[in-house]
Amino acid sequence: MSCSSLIATQKKTFQNVSNPALHDASSRLNKASQQPSKNSIKIANANIQKAPTALIDRLGSPNDIEDATEYEIEIYNLMKDEEMRFLPNPNYFKIQSSVTPRMRAIVVDWLVDVHRKLQMHTDTLYLTINLIDRYLSFNNLEKQALQKLGCAALLVASKNYEIYTPSLEDLSYVSCNAFSVRELNQMESLLLQSVQYHINPIVPSMFLKRYLRVVNADFKLSMLAHFICECSLLDIDFFEETPSKIAAGSIFIAQHILRGPQQWNTYMETNTGYSCENLKNVVNKLLQSVSTIKTCRFTAIKKKYSINSMEGVSRLSFPEFIEI
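Residues 742 to 1065 (the working numbering) make up the sequence shown, in order.
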């Protein structure tokens, strides 16, 4: 039996127990068609701009307890303050003797597929990749252990965001028994120690949820923004970008494609903290990543967003460059 068949078998086990995440592909809010530690990395020249506190809108519903409307602005500003605290070292491949960017991309692509088939939250995927990169920022890893690290990161992330998580046996199984349960357990322990149990970093999907509300996104625009944002996960060039800027750039491109140019107005600048000029570089880096995803061998993200239930957004035509 092939590894893909094993993963498909596991899907049956988990498809009825996943809890929909806030404003991801399975979220109730996204169904628009129906309606300093030692392991902290400080990135120089990140040019962070905070959104003006007094002018940011409260976008949640006062009648929905999950929106926590009375704390919305405070939470957002805290996210902006904390987003750089647990980013990976953008130069960590210099300490890796055998792991390469291509090997990382292979594992990320595989994890995207496993994550989709286990129907996990969007934030779980982003946290998984963040944990992998933070571990590699401080530890020289043998290439044979990279998939094991990926599964350990997925396990930790799922414990953080999911109600029902895959077991050690499940993850060993879907990896075609590339490692034992005991080895995975040991890797999980090493990972947690390496990140000093800081497993709640700010990731792009967190900002994407708010920005989609800011633009009053319909389902198609939401899925397009998610697709663009996920493309950044494969690309190490985004290590130097902050989560909020990646999310804002994804919204910028999605609006440009579906609603036309010049959508980024003063209201958007106020609610994101980024002007068009601030987003110029990240927007065109994202377009390059999308172009790579649409033509390279790493197909998980493209396939994920090519189906009709995702509005087939990965099949859309994308500009090579946006003049800003």
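Just so you know, even glycine gets a beta-carbon here, dropped at the ideal spot from N, CA and C.
Keep in mind that this is a model prediction, so the values were computed, not measured.
DSSP state of residue i mapped onto helix, strand, coil
i     : result
W1005 : coil
T841  : coil
Y812  : helix
L1073 : Because the chain in this structure spans residues 742 to 1065, residue 1073 falls outside the shown range and cannot be described.
V956  : coil
M825  : coil
T1033 : helix
G1014 : coil
D874  : helix
S802  : coil
S1047 : coil
R1038 : coil
S1058 : coil
D850  : helix
A792  : Here A792 scores only 43 on pLDDT, less than 50, and its place in the model should not be relied on; the value that follows carries that caveat. Three-state result, A792: coil.
E1064 : coil
N881  : coil
D978  : helix
G990  : helix
S1019 : Before going further, note that residue 1019 is Asn rather than Ser in the sequence given. Helix at N1019.
T869  : helix
Q831  : Rather than Gln, the amino acid found at residue 831 in this sequence is Pro. Correct three-state label for P831: coil.
A785  : Confidence in A785 is poor, its pLDDT being 44 and thus under 50, which makes the residue's placement unreliable; the coordinate value appears in the next sentence. In the structure shown, A785 sits in coil (DSSP, three-state: anything other than H, G, I, E or B).
K779  : In this prediction, K779 scores a pLDDT of 45, lower than 50, which makes its location untrustworthy; the coordinate-derived value is nonetheless stated afterwards. DSSP places K779 in coil when its eight states are reduced to three.
I836  : coil
Q996  : helix
G1053 : coil
I969  : helix
Cβ distance (whole Å) where residue i is taken to contact residue j below 8 Å
i     : j     : result
L877  : V840  : 7 Å
G990  : V1023 : 4 Å
V922  : L909  : 5 Å
H939  : F827  : 6 Å
L887  : M844  : 6 Å
P907  : R875  : Wrong, their Cβ atoms sit about 21 Å apart, outside the cutoff.
L1057 : I998  : 6 Å
G891  : V848  : 5 Å
S838  : N881  : 6 Å
A988  : C970  : 6 Å
S1027 : I1048 : Note that residue 1027 corresponds to Leu in the displayed sequence, not to Ser. Not really, about 22 Å apart at Cβ, beyond 8 Å.
Y1046 : S1055 : 4 Å
M964  : M1051 : 5 Å
N901  : L868  : 6 Å
Unbroken stretches of the alpha helix (DSSP H), 4 residues or longer, contained in the region 883 to 947: 887 to 902, 909 to 915 and 922 to 935
Report yes or no: do the region 806 to 821 and the region 970 to 980 share at least 3 C-beta pairs separated by less than 8 Å? no
Any contact of the region 828 to 838 with the region 949 to 963, i.e. 3+ C-beta pairs under 8 Å? no
Could you tell me whether the region 1041 to 1061 touches the region 851 to 865, where touching means 3 or more Cβ pairs closer than 8 Å? yes
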